[in-house]
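Enquirer: Residue 45 in our numbering sits at position 45 of the sequence shown, with consecutive numbering throughout.
Think of the CB as a built atom: it goes at the ideal place given N, C-alpha and C, for glycine as much as any other residue.
Note that the coordinates shown come from a computational prediction; the quantities given were computed from them, not determined experimentally.
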Amino acid sequence: MSDYAIGDLQGCLDAFNCLLERIHFNPDRDRLFLAGDLVNRGPDSLGTLRRVYALRDNLHTVLGNHDLHLLAVAHQATDSKRKDTLSAILDAPDRSNLLGWLQQQPLLLEIPEHQAVLTHAGLPPLWSLEQGRQRAAEVQAVLASDDADRFFANMYGNQPAGWNDALQGPDRWRVITNHFTRMRFVNQAGELDLGSKGEADAPPAGFMPWFTHPQRLERQHRLLFGHWAALEGHTGVDGVEALDTGCVWGGSLTALCLDSGERIHCDC
1 MSDYAIGDLQ
11 GCLDAFNCLL
21 ERIHFNPDRD
31 RLFLAGDLVN
41 RGPDSLGTLR
51 RVYALRDNLH
61 TVLGNHDLHL
71 LAVAHQATDS
81 KRKDTLSAIL
91 DAPDRSNLLG
101 WLQQQPLLLE
111 IPEHQAVLTH
121 AGLPPLWSLE
131 QGRQRAAEVQ
141 AVLASDDADR
151 FFANMYGNQP
161 AGWNDALQGP
171 DRWRVITNHF
181 TRMRFVNQAG
191 ELDLGSKGEA
201 DAPPAGFMPW
211 FTHPQRLERQ
221 HRLLFGHWAA
231 LEGHTGVDGV
241 EALDTGCVWG
251 GSLTALCLDS
261 GERIHCDC
């Protein structure tokens, strides 16, 4: 039995199939843990989502910002963007099964056998794992409730930039979601800069990559995340593993073997 954590698929079905062949994936013994952003921008979002869904008994995923965008479009909370590749999913006869399953997925996933935590964008540095666990569960509960439409209608936006215990309702949900699915740079107070997407060594003034924050609280678990293709799979920080190696941008798709630490790639 082997466990693999895989970076952002973003609709790159051929690369995903290539990677499954390269790691000799056997659904009777192996498990996959996906960092979210299963769909969008790539050439076959529908085929990718169907492949992931078919493997769901041996596959676990967190939600990424592109997955949530797909769900928001499906809930008619926003329109598709010019570069989206989501229409085939929205028109598919099995849309309800695919999207219903996707909406049940968490923002944070613990993998106790490897003392690891998987999220799409990372674990906010000034949140303990217990705080992250509770806040992710709040959003997951909302997505499973009658408030899901209100969640998607209010999901977009960059404010508030930081956490406040007094936050309630859509503002609270938005802050939690932004931290788990869009975070890259934070300042000393842990507030997000959501306008910058570049390399870790060129942060906006007063900001730093979230995983280099000097007061980062969670250091006992391996932190696995995707989302930040510009990192090219490297953080330079022990115990913090970047998985997005920019497949959809012509890079590669990466699987990290959680048992051995080996990284396996398929060029895109």
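Counting along the chain, where does the beta strand (DSSP E) carrying residue 187 start and finish?
Expert: 185–187
Enquirer: Measuring CA to CA, which of 239, 194, 222 is closest to residue 161?
Expert: Distances from the alpha-carbon of residue 161 to those of 239, 194, 222 put 194 closest.
Enquirer: Shortest alpha-carbon distance to residue 211 belongs to which of 205, 229, 238, 38?
Expert: 238
Enquirer: Need the endpoints of the alpha helix (DSSP H) that residue 53 sits in, please.
Expert: 45–54
Enquirer: Of the residues 259, 114, 260, 247, which one's Cα is nearest the Cα of residue 41?
Expert: 247
Enquirer: Exposed or buried, residue 183, counting other C-beta atoms within 10 Å across all chains shown (16 or more means buried)?
Expert: buried
Enquirer: Locate the beta strand (DSSP E) running through residue 252, then write down its first and last residues.
Expert: Unbroken beta strand (DSSP E) run through residue 252: 252–257.
Enquirer: Among the candidates 122, 232, 191, whose CA atom is the shortest distance from the CA of residue 251?
Expert: 232
Enquirer: In chain order, what residues of the same chain have a beta carbon less than 7 Å from the beta carbon of residue 114, not counting five sequence neighbours either side?
Expert: Spatial neighbours of residue 114 in its own chain (CB-CB distance under 7 Å, excluding positions within 5 residues in sequence) are listed in chain order as 3, 222, 258.
Enquirer: Alpha carbon to alpha carbon, how far is residue 256 from residue 262? Give it in angstroms, no decimals.
Expert: 6 Å
Enquirer: May I have the straight-line CA-CA distance separating residue 253 from residue 39, to the nearest angstrom?
Expert: 14 Å
Enquirer: What are the partner residues of residue 60, as DSSP defines its beta bridges?
Expert: DSSP output for residue 60 lists 33 as bridge partner(s).
Enquirer: Do residue 62 and residue 108 have their C-beta atoms closer together than 8 Å?
Expert: Their beta carbons are under 8 Å apart, which means residue 62 touches residue 108 by this criterion.
Enquirer: Under 8 Å by Cβ, that's how I've got residue 242 and residue 118 pegged, so tell me the actual separation to the nearest angstrom.
Expert: At roughly 12 Å, the Cβ-Cβ gap does not stay under 8 Å, so residue 242 and residue 118 are not in contact.
Enquirer: In the structure shown, what three-state DSSP assignment does residue 212 receive?
Expert: helix
Enquirer: Tell me the residue span of the alpha helix (DSSP H) that contains residue 148.
Expert: 148–153
Enquirer: Pull up the DSSP beta-bridge partners for residue 119, would you.
Expert: 108
Enquirer: So, are the CB atoms of residue 190 and residue 230 less than 8 Å apart?
Expert: no
Enquirer: Report the start-end ranges of each alpha helix (DSSP H) in the stretch 165–247 that is 4 residues or longer and not cut off at the edges.
Expert: 169–181
Enquirer: Can you tell which of 27, 46, 16 has its C-alpha closest to the C-alpha of residue 85?
Expert: For the options 27, 46, 16, the alpha carbon positioned closest to that of residue 85 is the one of 46.
Enquirer: So what does DSSP say about residue 23, is it helix, strand or coil?
Expert: The answer is coil: DSSP assigns residue 23 none of H, G, I, E or B.
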